[in-house]
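Position 451 (the sequence shown) corresponds to 451 in the UniProt record's numbering; numbering is contiguous.
Idealized CB from N, CA, C, for every residue including glycine.
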Amino acid sequence: MARIARLSDVLINKIAAGEVVERPASVVKELVENSIDAGSSTIRVDLAGGGVDRIIVSDDGHGMGRHDATTCLERHATSKLRELDDLFHIDSMGFRGEAVPAIASVSRFSLHTAEVGADVGTRVTLEGGVDTVVEDAPPRVGTVITVEDLFFNVPARRKFLRRGDTELKHAEEAVVRLALANPDVAFFATHEGNELFSSAACPEDPRERIAAALGPAAHPHLFPVEERRLGVSVTGYAASPEFTFPNARGLYTFVNRRYVRDRGLIGTIQRAYQDFLAAGRQPVVVLHIDVDPIAVDVNVHPQKLEVRFSDARGVQEAISAALNRMLRAAPWLGVGVDPSASGAPQPMDAAHYALAVERFLTRAQEASWGAPLPTTLDAATPTPVPFSGAPGAMAAIPSALPFASGAVGRAPAFGEAQPQLNEAPPPGYFAALRPMGMLGGRFHICEGPGGTLVVLDPHAALERARLTTYLRMLDDEKGPPAPSLFGTTLEFTVQVAKSLVEGREALGRLGVDVEPFGGTTVALKSVPPGLEGADARSLLEALARALPPKSAALDAVTLAEAVRVMACHAARKAGAVPLTDAQLRALLGELDRADFHPPCSHGTVVVLEMPLLELDRRAR
1 MARIARLSDV LINKIAAGEV VERPASVVKE LVENSIDAGS STIRVDLAGG
51 GVDRIIVSDD GHGMGRHDAT TCLERHATSK LRELDDLFHI DSMGFRGEAV
101 PAIASVSRFS LHTAEVGADV GTRVTLEGGV DTVVEDAPPR VGTVITVEDL
151 FFNVPARRKF LRRGDTELKH AEEAVVRLAL ANPDVAFFAT HEGNELFSSA
201 ACPEDPRERI AAALGPAAHP HLFPVEERRL GVSVTGYAAS PEFTFPNARG
251 LYTFVNRRYV RDRGLIGTIQ RAYQDFLAAG RQPVVVLHID VDPIAVDVNV
301 HPQKLEVRFS DARGVQEAIS AALNRMLRAA PWLGVGVDPS ASGAPQPMDA
351 AHYALAVERF LTRAQEASWG APLPTTLDAA TPTPVPFSGA PGAMAAIPSA
401 LPFASGAVGR APAFGEAQPQ LNEAPPPGYF AALRPMGMLG GRFHICEGPG
451 GTLVVLDPHA ALERARLTTY LRMLDDEKGP PAPSLFGTTL EFTVQVAKSL
501 VEGREALGRL GVDVEPFGGT TVALKSVPPG LEGADARSLL EALARALPPK
551 SAALDAVTLA EAVRVMACHA ARKAGAVPLT DAQLRALLGE LDRADFHPPC
601 SHGTVVVLEM PLLELDRRAR
């Protein structure tokens, strides 16, 4: 008896669906890519139920006649390949002829299409890849494909899908990737009537498409990058180091208009930015790498997310050269060039001006401009050093400035171990400051006595003030003031819940009232003033780690770490919105009464102090 038999076409398609159709986002990607290959100028994606219940992709491409409309549902039927050599010169999005039949085999599928100028269109419907019905339909421009009840006949696959909102995010990201790759095509995406993504065609200024994908705040920070070498072309836009994300969601690389997730390309971009970004920040870059189709293999991943270059090192070197040229020129610090104005220099806008000021202050801080000026003749001898603002420019600094540990330090700042400044700020120092505005939405700029420029970190300032308040609360024999009622229950891990219950007495000394609520659930009854709106879960988890051992005496020494945690969370809650002028002045008054000796989680209150004399000397 024969044991080996040929699989049925239905089963083959379902197996292919397991590789090609991972989730609703995969369906969106495959269908939209077909619309792009069809020469569409406008593509619409309408979703329901996160894409599981319904996906509709409509376009205004060249459409299909009846023969093509039915043949496209057969496995390995494609208009992109004809001969073996075509496989090595792929310049289309799709080419295998697997996606459409695979999608149809795991959904309730319908296709409505017509060729340009046809008197009648075609509608094809299937359920689970079988029971095909072909009928006449009104003629229309382009094609509409509807996919409903995805994986309805493969329950094992459907139960592994994520929640609807998670699947929706993946589907939206699929649209964004395709939109970024094709700025000459208009893209519109909705979910149950709510707009997800909307961007008209913008071939003249692709920054508009990037801003639609990453937010309008990105637009003024984007600068063109370009490098053309034999066999490879790198073009696109990169954001200045002042516009970054905490993760890599702003990194997009496209090879011949196809989004790819290549570790080598991403690593090259990150290395180019490594000297310009703070720890934990990722750059925003949208790069298009164009190579001869014969020099790249796109057929190495089921979903075509990975490619293999014949000269990977050459591609990476071109990317590195393009980004380094832009970054070293630092165009965001000077007159910008607007690509839409035929390269004509344009004055910087307000955002760029503010960023230039921030970079200026950073350079000043790194050069220790706030340090005391030398008083001896030898100390006044200028020594030329590279000036980071412009390539080749030089600045003179006194050779005998008191750099810390023999290296270039930064301006003294309150809250650090600098006895003459940080542990004992002059009486009335903060109340004498005159607020002038904010920098980058984060730092307060003030004028000090005699015209001194002072930059304050409001979070550190709030934290220092709250730390003083909570430490004085511990020393008060009357105990903590009346707590603020809170009332919430939270479930923690066994270790955290145990620490909180065993540390109830210590928490009570701090004004935090907790009670066991069964199992690993803890009820938070009240918190001290200033912590009413703080994130309760984050606060209690941090306090559980900071509490002293159960046998320790409960005093200001053993509870110091817990007090620092409370001060930090109180500042985080209070600093969620910018301070008003009245709030800032009240805070400055608190700082004059604060104790700067105890260590604080964020100790740098005054980020920079630059005397007018030094500013005047630098301006000459």
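Does the distance from the C-beta atom of residue i to that of residue j stay below 8 Å?
i, j, result
"L539", "H569", "yes"
"R572", "S601", "no"
"S41", "A186", "yes"
"V285", "V296", "no"
"E148", "S198", "no"
"T113", "T122", "yes"
"H221", "A248", "no"
"I56", "V144", "yes"
"L510", "P528", "yes"
"residue 629", "R209", "Residue 629 is absent from the model: the chain starts at 1 and stops at 620."
"L196", "E172", "yes"
"F223", "P331", "yes"
"R257", "A181", "yes"
"F596", "R464", "yes"
"F245", "Q274", "no"
"A556", "D475", "yes"
"G164", "G49", "yes"
Based on the DSSP output, what are the partners of residue i in its beta bridges?
i, result
"G437", "I445"
"T166", "Answer is none; T166 lacks a bridge partner."
"R123", "H112 and E135"
"V232", "R229 and V291"
"F223", "A238"
"Y470", "None, per the DSSP bridge assignment."
"L608", "V455"
"L524", "T488 and V514"
"T143", "T113"
"H191", "L47 and N194"
"Q282", "F245"
"F430", "Partner(s): none; F430 has no beta bridge."
"T42", "A186"
For residue i and residue j, what's the separation of their Cα atoms in angstroms?
i, j, result
"T158", "H170", "Checking the sequence, you will find Arg at residue 158 rather than Thr. R158 and H170: Cα-Cα distance of roughly 16 Å."
"A278", "V607", "16 Å"
"R585", "A431", "7 Å"
"R177", "Y252", "8 Å"
"F517", "E505", "17 Å"
"L439", "T604", "16 Å"
"A213", "P183", "11 Å"
"Y470", "M610", "32 Å"
"A356", "A329", "For A356, the predicted structure reports a pLDDT of 48, less than 50, and the residue's modelled location is therefore unreliable. The matter cannot be settled from this model."
"E135", "G142", "17 Å"
"P398", "R618", "With a pLDDT of 33 at P398, under the threshold of 50, the predicted position of this residue should be treated as unreliable, though the coordinate-derived value follows. Looking at the two C-alpha atoms, the distance is approximately 12 Å."
"S499", "I289", "54 Å"
"A322", "A544", "49 Å"
"F414", "P426", "A caution first: F414 carries a pLDDT of 44, below 50, which makes its placement in the model too unreliable to give a value."
"G336", "M326", "Residue placement at G336 is flagged as unreliable, the pLDDT there being 41, under the threshold of 50; the coordinate-derived value follows with that caveat. Near 12 Å, if we compare the C-alpha coordinates of M326 and G336."
"A542", "E561", "10 Å"
"L433", "L453", "10 Å"
"V154", "M64", "30 Å"
"T493", "R537", "11 Å"
"D60", "E74", "23 Å"
"E227", "D205", "18 Å"
"A582", "L462", "14 Å"
"Q316", "L305", "18 Å"
"F309", "A99", "24 Å"
Considering only the alpha carbon of each residue, which of the options lies closest to residue i?
i, options, result
"F160", "L453, V52, A114 and A186", "V52"
"residue 621", "E541, V116, E204 and T489", "No information on residue 621 is available, as it lies outside the stretch 1 to 620 that the chain covers here."
"P293", "V232, G511 and M326", "V232"
"V522", "A137, V512 and A497", "A497"
"H67", "A104, L111 and Q583", "L111"
"T615", "E127, G441, Y259 and G451", "The sequence as given places Leu at residue 615; Thr does not occur at that position. Checked all of E127, G441, Y259 and G451; the closest Cα to L615 is G451."
"E115", "P139, P101, E98 and T190", "P139"
"E22", "A156, A48, H459 and D119", "A156"
"Q270", "G314, R228, N324 and Y259", "N324"
"A25", "V175, G441 and D555", "V175"
"E590", "A460, V557 and V512", "A460"
"G503", "K550, A534 and G533", "K550"
"I445", "R466, V501, G314 and L588", "L588"
"L559", "T190, V514, G508 and F309", "G508"
"A217", "G441, A118 and A179", "G441"
"residue 625", "P203, Y429 and M566", "Missing from the structure shown is residue 625; the chain here goes from 1 to 620 and no further."
Is residue i close to chain E, meaning its C-beta is less than 8 Å from at least one C-beta of that chain?
i, result
"A318", "Given the protein chain composition of this structure (a single chain), no chain E is represented."
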